[in-house]
Amino acid sequence: MKVLVTGAAGFIGSSVSRRLLDRGDTVVGFDNLNDYYDVSLKEARLARLTDHANFSFVKMDLENREGVEALFAKEGFDRVVHLAAQAGVRYSIENPHTYVESNIVGTLHILEGCRHNSVGHLVYASSSSVYGANSSMPFSVHDNVDHPLSLYAASKKANELMAHTYSNLFNLPTTGLRFFTVYGPWGRPDMALFYFTKSIIEDKPIDVFNYGKHRRDFTYIDDIVEGVIRTLDSVAAPNADWDAANPDPGTSRAPYRIYNIGNSKPVELMHYIGVIEKYLGKKAEKNLLPLQPGDVPDTYADVEALIDDTGYKPDTSVDDGVVKFVEWYLDYYDIDFVKGQ
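Residue numbers are given in numbering that gives the first Met the number 0: position 189 of the sequence shown equals residue 188, and the series is strictly consecutive.
Right, here's the structure in full:
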């Protein structure tokens, strides 16, 4: 297949692109290489893809309507994996307009491209943040998610609603993936694991919010990628049993699906930090702070729908995944670190 992957220089997008290329697909990578975090890391991720003959790269903003239209018309994509977005809960409080421009306007341009160019399936990134004020655990795709706690979460819920309208109006198969706290090699510097590891190595204190009482459904990158690939290959179809009188939020009478991709094993933040400490052989100096605005105390994914429809359940343990990240971090930054010092 020929697949468009937006956010191809990103953490998840680069890993998904690599898997698609390795199995023989043609991939067109799309990214604007913005400076939200270290651009050289994005370029290094791209460098892992450019040695594939079936990979090409387009540098462009999602907001560029004419450019996106021309790209779709030129390439004739079979499938689209839309992972490009402005990320970050806390950043959305400071820079709300960026989220509307990238996550909402940009996603509209992708939907229009799929609609007008006979794309067979659109898979797009949503987020566990959409569960917001929900307190029922584990979070299920069959739950109502109408109370987001940040504009980032609201923009992801908006993406799901926009996708549904296109599935309904134009019979476009769409699948939204609610990712749960993705981590692993080649990760984002603004994520906790990156920050914790860097700070502990450099003997700097770390800020631990909610006094370390967070529980997160940390999900290793390889498990996320496998979930993306499986859902991409399992084209969304209408739910014949969908009942308008008792509507299921996770499915529809249109070709529309929502899935959680999480490890389904929440881990306390202190244990997460403890795995880094154990591997490095040194303790972190912790600043215990209250819950930040927009954050939720706990996340826990119900992945039953993913298992039922694709036969896949993420299963990499935090103990294994964190070690793989720290090993990558030391190698990538060429740090000659002696454990325990």
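Where a beta carbon is used, it is the ideal one built from N, C-alpha and C, also for glycine.
Please read all numbers here as calculations on a predicted model, not as lab measurements.
C-beta contact flag for residue i and residue j at 7 Å
i	j	result
Pro188	Leu150	no
Lys285	Ile199	no
Gly249	Tyr219	no
Gly293	Val88	yes
Tyr278	Val325	yes
Val266	Val321	no
Phe341	Asp216	Since the first residue shown for the chain is 0 and the last is 340, residue 341 is missing from the structure and cannot be characterised.
Val181	Ala152	no
Gly28	Phe56	yes
His108	Arg64	yes
Phe195	Leu288	no
First through last residue of the beta strand (DSSP E) which encompasses residue i
i	result
Gly175	Thr173 to Phe178
Phe56	Phe54 to Lys58
His81	Arg78 to His81
Phe138	Run containing Phe138: none; DSSP gives neither H nor E here.
Tyr123	His120 to Ser126
Val26	Thr25 to Asp30
Residue range of the alpha helix (DSSP H) that includes residue i
i	result
His213	Note, His213: premise wrong, no alpha helix (DSSP H); not H, not E.
Ala46	Val38 to Ala46
Phe336	From DSSP, Phe336 is part of no alpha helix (DSSP H); its letter is neither H nor E.
Lys73	Arg64 to Glu74
Val4	From DSSP, Val4 is part of no alpha helix (DSSP H) but of the beta strand (DSSP E) over Lys1 to Thr5.
Gly273	Leu268 to Leu279
Thr164	Leu150 to Phe169
Thr49	That residue, Thr49, is in no alpha helix (DSSP H); it is neither H nor E in DSSP.
Pro95	Pro95 to Tyr98
Ser16	Phe10 to Asp21
Which residues DSSP lists as bridging residue i, in chain order
i	result
Lys197	None; Lys197 has no bridge partner.
Asn259	Arg177
Asp242	For Asp242, which the question treats as bridged, DSSP gives no partner whatsoever.
Leu206	Before going further, note that residue 206 is Asp rather than Leu in the sequence given. DSSP output for Asp206 lists Asn286 as bridge partner(s).
Asp297	Arg214
Tyr90	DSSP lists no partner for Tyr90.
Tyr331	The partner list for Tyr331 (beta bridge, DSSP) is empty, contrary to what the question assumes.
Tyr219	Tyr182
Residue burial classification, residue i (beta-carbon count within 10 angstroms, cutoff 16)
i	result
Leu305	buried
Ile334	exposed
Arg22	exposed
Glu225	buried
Val80	buried
Ala244	exposed
Asp222	buried
Asp34	exposed
Pro137	buried
Asp30	buried
Gly131	buried
Proximal residues to residue i (C-beta, below 6 Å), its chain only, five neighbours per side dropped
i	result
Pro254	Ser166, Pro172, Ala235, Ala236 and Pro237
Val38	Leu32
Ile257	Val140, Gly175 and Gly249
Phe76	Lys1, Leu3 and Val118
Ser353	Not covered by the structure: residue 353. The range shown for the chain is 0 to 340.
Leu45	Ala8
Ser14	Ile220 and Val224
Nonlocal neighbours in the same chain, by C-beta distance under 8 Å from residue i, ignoring five residues either side
i	result
Val104	Leu61 and Glu62
Asp24	Met0, Lys1, Val2 and Asn53
Lys312	Ser263, Val302, Leu305 and Ile306
Glu74	Lys1, Leu3 and Val27
Gly310	Arg229
His163	Thr173, Ser251, Ala253 and Tyr255
Same chain only: Cβ atoms within 7 Å of residue i, ignoring 5 sequence neighbours per side
i	result
Lys282	Glu276
Glu68	Gly112
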